[in-house]
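As you go down the protein sequences, you meet chains A and B in turn.
One point on numbering: in the UniProt record's numbering, the residue at position 222 of the first sequence is 222, and numbering is uninterrupted.
One point on numbering: in the UniProt record's numbering, the residue at position 104 of the second sequence is 104, and numbering is uninterrupted.
Report on one structure; see the data block that follows.
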Amino acid sequence: MSFKHKLATAITLATLGASAASAQSLVYCSEGSPEGFDPALYTSGTTFDASSHPIYNRLAEFKVGTTETQPGLAESWDVSEDGMTVTFKLRQGVKFHSNDQFTPTRDFNADDVIFSFDRQGNTENAYNQVSGGTWEYYSSMSMPDLIKSIEKVDDYTVVFSLTRPEAPIIANMAMDFASIVSKEYADAMMEAGTPEMVNQAPIGTGPFTFQAYQKDAVIRYLRNEDYWGDKAKVEALIFAITPDASVRYQKVQAGECHVMAYPNPADVQAMKDAEDITVMEQEGLNVGYLAYNTKVAPYDNANVRKALNMAIDKQGIIDVVFQGSGEIAKNPIPPTMWSYREGTVDDKHDPEAAKAMLEAEGVSDLKLKIWAMPVQRPYNPNARRMAELMQEDFSKIGVEVEIVSYEWGEYLERSKAEDRDGAVLLGWTGDNGDPDNFLAVLLGCDAVGGSNRAQWCNEEFDELTKKAKVLPTQAERAPLYEQAQAIFKDQAPWATIAHSVVYMTMRPEVEGYVVHPLGGHIFNQVGITQ
Amino acid sequence: MLNYVLSRLLTFIPTFLGVTLISFAFIRVLPGDPIMVMAGERGMSDERYAELSAQLGYDRPMYAQFWEYLTGVLQGDLGNSFVTKRPVWDEFFSLFPATLELSLCAMIFAMALGLPAGVIAAVNRGKFFDRALMSTALVGYSMPIFWWALLLIIVFSGNLGWTPVSGRIDLLYYFPDPTGFMLIDSIASGQKGALVSALRHLLLPTIVLGTIPLAVIARQTRSAMLEVLGEDYIRTARAKGMSPGRINGIHALRNALIPVITVIGLSVGTLLAGAILTETIFSWPGIGKWMVDSIFRRDYPVVQGGLLLIAVMVMVVNLTVDMLYGIINPKIRKR
């Protein structure tokens, strides 16, 4: 569709009615501005909502509402016996979008796949430095070490050769940074001397085409009429950027938006009671925890850690800190994730027993520092308050707590130290729905002195996760992860505190919205009834 | 007059250099490393950290970074935001018209109500009207912007449905925005109802942002008027039998305006500070919110560049105020 056509469509839409509640356009009140529109350059969910979900596709896609993968731009894939190569068969007849500067002359093919990854990993690629590319996600998912080469067999077959077998590679291919961009568009923009347009005026294969962005105000998309999959139900998708949660709610009530993200926890009950508002909820793919330093006495003793865990009143924390929008965590992975160990029994809140247990271990007059994060996160909306509640709980078993905090960058850096004094409040939000992304990243021996804030290295646990990582099927991997969770619970390197509950608030005429456990907001399948 | 203008302009240079240094130093004094903030919980290897610092130029000594910044500024290059990767200059000018439009409307609103209110209060000194006006002004001055904005939204947008909740125009209007001023662009678009929609969207933010300057202007006008009304030449004018309207409107107000204009000039700083909250609540895409977000993300180029541009604006406004003194009171420019 040319620019003029798009403008004409927009004007037609504009004349359809004065209210935003037109059946043809869905208005989403988003919480912030995207940093740009090339998902590989960024790491925030807000950016992914505005870029990778509506505009792009990936080789594999997450089934909406689950953490399972399904074919996307790759119709199928085949992992070799030794797990060292993955061959993707690409979908044919997939069209890229067009805009006023670019009209594609060919369909999506293997060149686009190779370009999309090569620009992130190869410093020689002309696009490697464009738009200040730092490719954070590509690095943090260890892709530079993992991918040996990507080769084109023919236009619709691509082979990824790996340096080691790695089962989560398919899930990685469904992540936002793996979105497929058009090589033809990138080349055309490089030739025109405006390579940054790939980020500013994005061209993808996704269900919506990008129309316009007014910074900090509005993003507009139109339905991709040539989409290869199920076409979007609405003609236009509009993101009304509304940073304040109370204002977002007012806008939903006034009919100025159909759907809003991230309501204030304090408003949720009123929303549930309101007749003309629908509230959906699901546990987020995250966990908030208190990590002891298992290398420092007496916290190197699992019984001491378990005693402390028993002193914490988790329900009190859910009520006060999460204001109900959280769920007690008993495992280190969230319940929406496959291989979650249902049978785990959480430490009972029993200060008397905890006290007796400490005495039995010969620990008395214990002093503990609790580190409170200076920032708000879904898995911990108010770390300071959480630390204060724990201080109160621990005082009941005779443990004196001092609360410390640092500026966020400092906090993250200092909490990695292996000789760190104190237990750290922190958490994690999953990237690709794979248990390895929690268990190995946060508790593996390789991560000690890094993202393993408990500095906990348990050989049995480590072996299980390493073994599970290279097995080809979910069915084979899941039992190993369940065993690993049992060891975790027995050894208690953390006090698992909570998983946040994600709420989505919408008007009753919105139909087909599904809360996505990976946290994204996806609108392809969402319609509006008259 | 020319000498006066030139001497004022000369003071601009050291101030400008000072602001450049302060804006550069300010964000670096804050604890927190932009690269660690960028990496978040996910963390980063030491090699990757070194690579990124080199790429962003933060591995070099501070004086070298400042020199590069200063030479860039003098050539009109403020660097690129390292969050959006776009030039700071482009970002600023895509957002600034929204802030300017809102600030101008707020200032017009504040002056249109504040000046007459101050004059009326002064003329009716001690009477009920004076007391009521000044009490209201005190309430307006003390009110938290955040609360006031939400209250207006709940009443006028939520309960009564008279005004839209937030934004600059109804989302179904879509047209190019060459000037960035929604009122102008909506007229230029020729689309029916666009201007009305833009005006309706402006109403609440204007009132919220204009409330504090309105209170300040009303109080300042009142006290300046009271002082002038006690002067000998006013008594002389009264003795000559001049009408109260002429006395208050021409002789008294013109002389009372000098301190009032100073206050209006100084209010520009207050307006920009107020814009940060007002813009956040009303989802107004201006520079206030942009700056706050950048401070949290330790986006050095945006914070230093944005601070510099805002400081230059405040300086220009104050310079203009100085010029206005010269016009209102010719004695000043001869000093």
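All C-beta atoms in this analysis are idealised placements derived from N, C-alpha and C, irrespective of residue type, glycine included.
Query: When we look at the beta-carbon of B/Gly-288 and count the other beta-carbons within 10 Å, is it buried (16 or more) or exposed?; Result: buried
Query: Check the DSSP bridge columns for A/Tyr-221 and list the partner residues they point to.; Result: A/Phe-210 and A/Leu-237
Query: Could you check if B/Tyr-63 is buried or exposed, using at least 16 other CB atoms within 10 Å of its CB as the buried criterion?; Result: exposed
Query: Do A/Ile-169 and A/Asn-99 have their C-beta atoms within less than 8 Å of each other?; Result: no
Query: Residues of chain A with a CB under 8 Å from the CB of B/Phe-82: which are they?; Result: Gly-132
Query: Going along the chain, which residues of its own chain have a beta-carbon closer than 6 Å to the beta-carbon of A/Arg-248, five neighbours each way excluded?; Result: Cys-29, Thr-242 and Met-260
Query: Short of 6 Å in beta carbon distance, which residues of its chain neighbour A/Glu-400, apart from the five on each side in sequence? Order them along the chain.; Result: Lys-367
Query: Could you please tell me which residues of the stretch 68-79 of chain A, in chain order, have their CB closer than 8 Å to any CB of chain B?; Result: none
Query: Is B/Leu-195 close to chain A? Criterion is C-beta to C-beta, closer than 8 Å.; Result: no
Query: Determine, using beta carbons only, whether A/Trp-428 comes closer than 8 Å to chain B.; Result: yes
Query: Is it buried or exposed, B/Arg-222, if we count other Cβ atoms within 10 angstroms and call 16 or more buried?; Result: buried
Query: Shorter than 8 Å from the beta carbon of A/Val-526 to some beta carbon of chain B?; Result: no
Query: At a Cβ threshold of 8 Å, is B/Thr-206 touching chain A?; Result: no
Query: Just list the alpha helix (DSSP H) runs in the stretch 373-440 of chain A, keeping only unbroken ones of 4 residues or longer that don't cross its boundaries, in chain order.; Result: 383-395 and 408-414
Query: Using the beta-carbon count (16 or more within 10 Å), is A/Ala-266 buried or exposed?; Result: exposed
Query: Does DSSP classify B/Pro-97 as helix, strand or coil?; Result: helix
Query: By the criterion of Cβ-Cβ separation under 9 Å, what are the contact partners of A/Leu-443 in chain B?; Result: Under the 9 Å cutoff, chain B gives no residues; its nearest Cβ is about 14 Å from A/Leu-443.
Query: Buried or exposed, going by whether 16 or more other CB atoms sit within 10 Å of the CB of B/Lys-192?; Result: exposed
Query: So, A/Ile-397 versus A/Ala-478, is the Cβ gap smaller than 8 Å?; Result: no
Query: Determine whether the Cβ of B/Gly-245 lies closer than 8 Å to any Cβ atom of chain A.; Result: no
Query: Given a cut-off of 8 Å, decide if A/Trp-494 and A/Pro-332 are closer than it, judged by their beta-carbon atoms.; Result: yes
Query: Mapping the DSSP letters down to three states, classify A/Asp-347 as helix, strand or coil.; Result: coil
Query: Using a beta-carbon distance below 8 Å, is A/Ala-240 in contact with chain B?; Result: yes
Query: Thinking just about the alpha-carbon of each residue, which of A/Trp-428, A/Lys-183, A/Pro-374 and A/Thr-344 is nearest to the one in A/Ile-403?; Result: A/Pro-374
Query: Please check the pair B/Trp-67 and B/Leu-78, which I expect to be a contact at CB under 8 Å, by giving their CB distance rounded to whole angstroms.; Result: Not a contact, Cβ separation roughly 15 Å.
Query: Go ahead and label A/Gly-45 buried or exposed: buried means 16 or more other beta carbons lie within 10 angstroms of its beta carbon, across all protein chains shown.; Result: buried
Query: A/Cys-29 by DSSP, collapsed to three states: which one?; Result: strand
Query: Per DSSP, what kind of secondary structure is A/Leu-162 in: helix, strand or coil?; Result: strand
Query: Mark A/Asp-319 as exposed unless 16 or more other C-beta atoms lie within 10 angstroms of its C-beta, in which case mark it buried.; Result: exposed
Query: Check this for me: beta carbons of B/Val-123 and B/Leu-253, under 8 Å apart or not?; Result: no
Query: Check the Cβ of B/Met-36 against every Cβ in chain A and list those closer than 7 Å, keeping chain order.; Result: Gly-409, Leu-412 and Glu-413
Query: Quick check on the DSSP output: the alpha helix (DSSP H) that includes A/Gly-191 runs from which residue to which?; Result: Sequence check: residue 191 of chain A is Glu here, not Gly. Per DSSP, A/Glu-191 belongs to the alpha helix (DSSP H) from 183-191.
Query: Step through the CB atoms of chain A and report whether any lies within less than 8 Å of the CB of B/Glu-41.; Result: yes
Query: A/Met-189: which of A/Ser-131, A/Phe-208, A/Lys-251 and A/Gly-93 sits nearest, CA to CA?; Result: A/Ser-131
Query: Suppose contacts are defined by Cβ-Cβ distances below 8 Å. Is A/Gln-491 in contact with A/Ala-291 by that definition?; Result: no
Query: Going along the chain, which residues of its own chain have a beta-carbon closer than 6 Å to the beta-carbon of B/Gly-18, five neighbours each way excluded?; Result: none
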